Amino acid sequence: MTASQKNLHNPSVPLRPPETVMRLARMGSFHQSRLSFMRVLLRRLKQHNWRFDRPRWDIDDNGVGVATYRAIGPERTYTLIAFAHDLPDDQRSDRVIAEAWDATFTLFDGEPTEVDIERLSQNVPLQEAGRISGSELSLSRANRSVRLFDYVIDCLARGVQPSHEKIEPVGYLMRTTAVYGSGKFGAADRDIWADRREFLGSFQPELLSVWLTRSFTLDLVEHMARVEAPEIAVALEPDLRRRFGVGNSTGLGMAPFLLTHPTLIHAWINAREEALARVRSISQASDGAIAQFRQLLDRCCINADNWRVDHADQAAKIVGLRADLLRLKDHVDKAGLEAHQPWDKLYSWAEAELALEGQEQLVSLMIEPYGECVDELADGMSADEMTGFQIDGTGSLGALKAVLSGLYAWALDTDFTEKDTIARVWYVSEEKLEPRLGERFEEPIESYEQPLAPGRDAARAVETLKEWNDDQTVAAFLMRHPEHRHVVRRAQRAIDAPYAEIHDNTIASVMRPIDLLRCKLSFFGATKFDPRSDRWVRITMFQGAPFPNELATMDPDDLAYPPMAES
Amino acid sequence: MSWSLGETRGLAVKAARGAGMDWGLAEDAGFAVQWLEARGAPGAAALAGLLQWYDLKTGELAPDTAAGRCPVVLGTALSDSRTITKGPLGNIVQPLLLAPFVAVADPDGSWRLTWNNAELKISRDRLQTDAQRDQLLCGSTDCRLETGGTVGTVDAGNMKQRVPDTEQDVISNLNRFAARTYAPATEQSRLAGAGAGLSDND
Numbered sequence: 016m017t018a019s020q021k022n023l024h025n026p027s028v029p030l031r032p033p034e035t036v037m038r039l040a041r042m043g044s045f046h047q048s049r050l051s052f053m054r055v056l057l058r059r060l061k062q063h064n065w066r067f068d069r070p071r072w073d074i075d076d077n078g079v080g081v082a083t084y085r086a087i088g089p090e091r092t093y094t095l096i097a098f099a100h101d102l103p104d105d106q107r108s109d110r111v112i113a114e115a116w117d118a119t120f121t122l123f124d125g126e127p128t129e130v131d132i133e134r135l136s137q138n139v140p141l142q143e144a145g146r147i148s149g150s151e152l153s154l155s156r157a158n159r160s161v162r163l164f165d166y167v168i169d170c171l172a173r174g175v176q177p178s179h180e181k182i183e184p185v186g187y188l189m190r191t192t193a194v195y196g197s198g199k200f201g202a203a204d205r206d207i208w209a210d211r212r213e214f215l216g217s218f219q220p221e222l223l224s225v226w227l228t229r230s231f232t233l234d235l236v237e238h239m240a241r242v243e244a245p246e247i248a249v250a251l252e253p254d255l256r257r258r259f260g261v262g263n264s265t266g267l268g269m270a271p272f273l274l275t276h277p278t279l280i281h282a283w284i285n286a287r288e289e290a291l292a293r294v295r296s297i298s299q300a301s302d303g304a305i306a307q308f309r310q311l312l313d314r315c316c317i318n319a320d321n322w323r324v325d326h327a328d329q330a331a332k333i334v335g336l337r338a339d340l341l342r343l344k345d346h347v348d349k350a351g352l353e354a355h356q357p358w359d360k361l362y363s364w365a366e367a368e369l370a371l372e373g374q375e376q377l378v379s380l381m382i383e384p385y386g387e388c389v390d391e392l393a394d395g396m397s398a399d400e401m402t403g404f405q406i407d408g409t410g411s412l413g414a415l416k417a418v419l420s421g422l423y424a425w426a427l428d429t430d431f432t433e434k435d436t437i438a439r440v441w442y443v444s445e446e447k448l449e450p451r452l453g454e455r456f457e458e459p460i461e462s463y464e465q466p467l468a469p470g471r472d473a474a475r476a477v478e479t480l481k482e483w484n485d486d487q488t489v490a491a492f493l494m495r496h497p498e499h500r501h502v503v504r505r506a507q508r509a510i511d512a513p514y515a516e517i518h519d520n521t522i523a524s525v526m527r528p529i530d531l532l533r534c535k536l537s538f539f540g541a542t543k544f545d546p547r548s549d550r551w552v553r554i555t556m557f558q559g560a561p562f563p564n565e566l567a568t569m570d571p572d573d574l575a576y577p578p579m580a581e582s
Numbered sequence: 059m060s061w062s063l064g065e066t067r068g069l070a071v072k073a074a075r076g077a078g079m080d081w082g083l084a085e086d087a088g089f090a091v092q093w094l095e096a097r098g099a100p101g102a103a104a105l106a107g108l109l110q111w112y113d114l115k116t117g118e119l120a121p122d123t124a125a126g127r128c129p130v131v132l133g134t135a136l137s138d139s140r141t142i143t144k145g146p147l148g149n150i151v152q153p154l155l156l157a158p159f160v161a162v163a164d165p166d167g168s169w170r171l172t173w174n175n176a177e178l179k180i181s182r183d184r185l186q187t188d189a190q191r192d193q194l195l196c197g198s199t200d201c202r203l204e205t206g207g208t209v210g211t212v213d214a215g216n217m218k219q220r221v222p223d224t225e226q227d228v229i230s231n232l233n234r235f236a237a238r239t240y241a242p243a244t245e246q247s248r249l250a251g252a253g254a255g256l257s258d259n260d
């Protein structure tokens, strides 16, 4: 670490305030970064020399059967068990209400016996309708890309490589439509494995299972090509093979997560903001960092050029991003990065000149060259939601009123009697327990409302508190008004976690659930956000990343952006 | 078959809400169930019993002479105020559910919660009892809280990581209450409420 980097752990540039960061429009413009969980996983697996193999491949000529993929670490081994099915086209759906899939998966904690595999073969293909046990860490399923799957098999069976132009807009052969972990449907609770070195941070087992699923999807098409034409079929050539990631189809099921995990969200955002502050505080950029940044900026432009969507709003955002990236390049060329605190100056310029997509893309780019300074923050991107769960009722209502009006200042200026302000209702449908977002004044769903509007709840609490003296206790207040327990708990937890609360109304008619989805997915490491509506998005994960047999010899971080020379 | 503690807590919250508790109070009910199950006590069963009762009442603190007080309402009053006064508590429904809140109210202390012939020792976030299941699951009964007679920590026993198969009926019972929080599906809600409204194939 150079002299100019020594003060990083007390960055001179402050972290961006929650009022700036925790706005849905900005959160809905986040991009993946080196702190994204996918990248943290691969860095760690590489650093600790994990080995990988495929003990079992029992897939028949129809593409049906079971396969296992092992990840072997210094202390523990994990096994992805993949069940491949024969799904009729008309049954294929990404919705929670689907009941059958092209492939189903579970990540086993260790090495499964035949008895385990038999038990799991009775349950995993049923997904939510089955049960898994404490030996399993995750449960997931995937469907084929109708655009690419058969096309790729067809090419390989004819002995040719599929075309880059056809692959790039999709970027995957199969997409997961749910990946469940942390105690769901019987899986092991998070605290059973959360302290394991390989799983520090968030969603590590889930992402390990997705990364191994990626291998399965590639093995499957190569297998089907060989079945079709054993003499002529070829495998994908390595650079092209890497252009396939795993798709993911995400809807409203994920949207409440940012609201139901406030302490965790604070940990994620705080780490990213700390990383940004550290880099902005650097007094001098090395030649190496500057060169790396410029190259990544070019590759980022390629990424933006390849990012194709149908959704009009997002298409407009991408057009704006491409233009902003060119302006950014131009500015960097003219202004250079040799000045004092060059990154802070660059960020300040971007904040004034670029739209949110461009600003947040720059945030991701700026921290890229500085792994040494920021990667350690990834281990802290986790939280125990039961910490801070207990309400402290011993304090005064005066203090509580101050906390509520501070945290929810934006909500106190909102009129929650206006129809547009409370137009939406988050609820769960009895139809396979699918989370939905309904219209309060058009559907009979209000009585089923889930507690996902903390702004409105805070405004209600503040209203009730007007009739209480400041010197009375929170406990006395809550005994008379248990309806405010939920928001009082939220407010108290947020005192030490400033990024825990979203500073926007989550039930407004103009609220876009997709902003919540994109924020979370950016932390996963997703690229190519492809909104299908305002509440449904497709993404790609691990596109460009090394495969297990390549991890030892390739740099997973360098592959996060498309390569310079497109073949 | 067994259930993870996390999903059991989630189910408990939904079930409590389905029976009529406010969401915030339901969250506390979920905490209590997980705390008990993690210590080998039938918290889920106690909640199922409480919710049958809660279904028919308002859940407000009732005078001692009335037919039972809600342990979650009383329990949160203790844990919120971080204060316990020893002595009789009156008639409590499913008093097992009080234990977690006693632990929160006085994390460093030692307490004895008793009713009929059941005695629970609560000390430093641990639970110890020799009472059998049918003594622990008590419709409604007079209870007392006294400070613990013995110095030092309660023998923790083994913490549990799962809710066992024996609780299948209890889980089904809680699922019935939880189902009241799910809106009936309609064609309109299926089309508009989620999804792309287009074919999912890409």
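Going down the list, the protein sequences come from chains A and B. Residue 16 is where the first sequence starts when you use my numbering, and the numbers rise one by one after that. Residue 59 is where the second sequence starts when you use my numbering, and the numbers rise one by one after that. Idealized CB from N, CA, C, for every residue including glycine. All of these numbers come straight from a predicted model, not from anything done at the bench.
From residue i to residue j, what does the alpha carbon distance come to, in whole angstroms?
| i | j | result |
| --- | --- | --- |
| ASN263/A | PRO165/B | 44 Å |
| ALA662/A | ILE510/A | Beyond the ends of chain A as shown, which are 16 and 582, falls residue 662/A; an answer cannot be given. |
| PRO127/A | SER230/B | 29 Å |
| ARG127/B | LEU108/B | 10 Å |
| PRO29/A | TYR385/A | 18 Å |
| ASP192/B | ALA104/B | 11 Å |
| GLN310/A | ARG49/A | 16 Å |
| PHE259/A | VAL185/A | 9 Å |
| ALA115/A | GLU221/A | 21 Å |
| ALA77/B | LEU415/A | 29 Å |
| ASN564/A | ARG182/B | 49 Å |
For residue i, which residues of its own chain have a beta-carbon under 7 Å away from its beta-carbon, when the five flanking residues on both sides are left out?
| i | result |
| --- | --- |
| ILE437/A | PHE431, ARG455, ARG471, ILE522 |
| ALA354/A | LYS360 |
| LEU136/B | ILE142, PHE159, VAL160, ALA163 |
| VAL502/A | PRO469, ASP472, ALA473, ALA476 |
| GLU34/A | HIS518 |
| LEU532/A | THR265, MET269, ALA270, VAL552 |
Pull up the CB-CB distance for residue i and residue j, whole angstroms please, since I reckon it's below 8 Å.
| i | j | result |
| --- | --- | --- |
| CYS534/A | GLY43/A | 6 Å |
| VAL81/A | ASP73/A | 5 Å |
| ALA163/B | ARG140/B | 6 Å |
| GLY174/A | VAL236/A | Wrong, their Cβ atoms sit about 14 Å apart, outside the cutoff. |
| ILE147/A | ALA202/A | 5 Å |
| PHE544/A | GLN374/A | Between GLN374/A and PHE544/A the Cβ distance is about 16 Å, and since that is not below 8 Å, they are no contact. |
| LEU122/A | LEU152/A | 5 Å |
Would you say residue i lies against chain A (beta-carbon separation less than 8 Å)?
| i | result |
| --- | --- |
| THR239/B | yes |
| GLY217/B | For clarity, residue 217/B is Met in the given sequence; the question names Gly instead. So no, MET217/B is outside the interface. |
| GLY98/B | no |
| ALA77/B | no |
| ALA120/B | Confidence is the limiting factor: at ALA120/B the pLDDT is only 41, short of 50, which leaves the residue's position unreliable and the question unanswerable from this model. |
| TRP81/B | yes |
| ALA252/B | yes |
Is there a Cβ of chain B sitting closer than 8 Å to that of residue i, yes or no?
| i | result |
| --- | --- |
| THR228/A | no |
| THR409/A | yes |
| GLN405/A | yes |
| VAL443/A | yes |
Going by beta carbon distance, what residues of the same chain come within less than 6 Å of residue i, once the five residues before and after it are set aside?
| i | result |
| --- | --- |
| PRO450/A | LEU267, GLY268, VAL443 |
| ILE87/A | ARG66 |
| PRO578/A | none |
| ASP435/A | SER524 |
| VAL378/A | LEU291 |
| LEU232/B | LEU69, ALA73, ALA106 |
List the residues that DSSP assigns as beta-bridge partners of residue i.
| i | result |
| --- | --- |
| TYR576/A | For TYR576/A, which the question treats as bridged, DSSP gives no partner whatsoever. |
| TYR187/A | GLY260/A |
| LYS179/B | ARG170/B, GLN186/B |
| ILE96/A | THR83/A, THR121/A |
| PRO450/A | VAL443/A |
| GLY145/B | LEU203/B |
| MET269/A | DSSP, once it has assigned bridges, lists no residue as partnering MET269/A. |
| TYR240/B | VAL443/A |
For a contact defined as C-beta to C-beta under 9 Å, what are the partners of residue i on chain C?
| i | result |
| --- | --- |
| PHE235/B | Of the protein chains in this structure, namely A and B, none is chain C. |
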